[in-house]
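What follows is a short report on a single structure.
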């Protein structure tokens, strides 16, 4: 029997993968208008055990065509597409009977949009820019959530199933550090691909050099930044910190 995409075999399941065998990899469609970002996201997905990339598309129209022709379990969906807003695409897909789950992958921080997305069935929001470890954590939690089956024995089991989608609570910061300043230092470091010294970070954020170094060293300890000496000046080399995507 010939499938809709002409590849032969069983016709594709256009309802979002409801006929997927339990042991099969979770099929992911990356919907992202920036080709470089799309390739990066697809590479990240391919590195997570239990997931496979069904395809990569750059527009809402291409996403609809792909879903009409291939079974998909999960979309990584950019909300700002060249031919329409991502939430408009979600409404269209739901109206057409597609039930694939959705991760919104976006730089949008409007909580009104977040609430609207939740009402449409978006199960996770991943804010850009993000690291591989961030997406891996969300995908792993989603796989646990998806694997829940059968009848719950009680409220606790229902809570555990739903709780699998939640991100872990942020770790306690070392004494004297605040989340607001950590966020400011993190933003400054991410905005400087060439890296920052403690002095440059202090000037950018508006804190002392010693304070900036404490935050930068905390990011290094947490695996979110790397440091290396910068040579070429008289005296001791200066440490330079760079954001780490690994």
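In our numbering, the protein residues as written are 58 to 303.
Just so you know, even glycine gets a beta-carbon here, dropped at the ideal spot from N, CA and C.
Just so we're clear, the structure is a prediction, and the values are computed from it rather than from any experiment.
Taking the Cα positions, residue 82 is about 16 angstroms away from residue 195. Exclusion of the five residues before and after residue 158 leaves 131, 180 as the residues of its chain whose Cβ lies within less than 6 angstroms of its Cβ.
Measuring C-alpha to C-alpha distances from residue 186 to each of 92, 162, 175 identifies 162 as the nearest. Membership of residue 286 in the beta strand (DSSP E) is indicated by the continuous run 282-287. Under DSSP, residue 298 shares a beta bridge with 253, 284. Looking at the DSSP output, residue 165 sits in no beta bridge, so it has no partner there.
Listed in chain order, the beta strand (DSSP E) runs fully inside the stretch 78-157 are 83-88, 108-114, 131-134, counting runs of at least 3 residues.
Pairing residue 88 with residue 94, the inter-Cα distance amounts to about 10 angstroms. Listed in chain order, the alpha helix (DSSP H) runs fully inside the stretch 163-202 are 168-176, counting runs of at least 4 residues.
Taking a contact as a CB-CB distance under 8 angstroms, the pair residue 245 and residue 261 counts as one, their CB atoms being some 4 angstroms apart.
Spanning the alpha carbons of residue 243 and residue 273 requires a straight line of approximately 8 angstroms.
Between residue 234 and residue 109, the alpha-carbon positions lie close to 40 angstroms from each other.
Here the alpha carbon of residue 172 sits roughly 11 angstroms from the alpha carbon of residue 166. Bounds of the alpha helix (DSSP H) holding residue 239 are 236-247.
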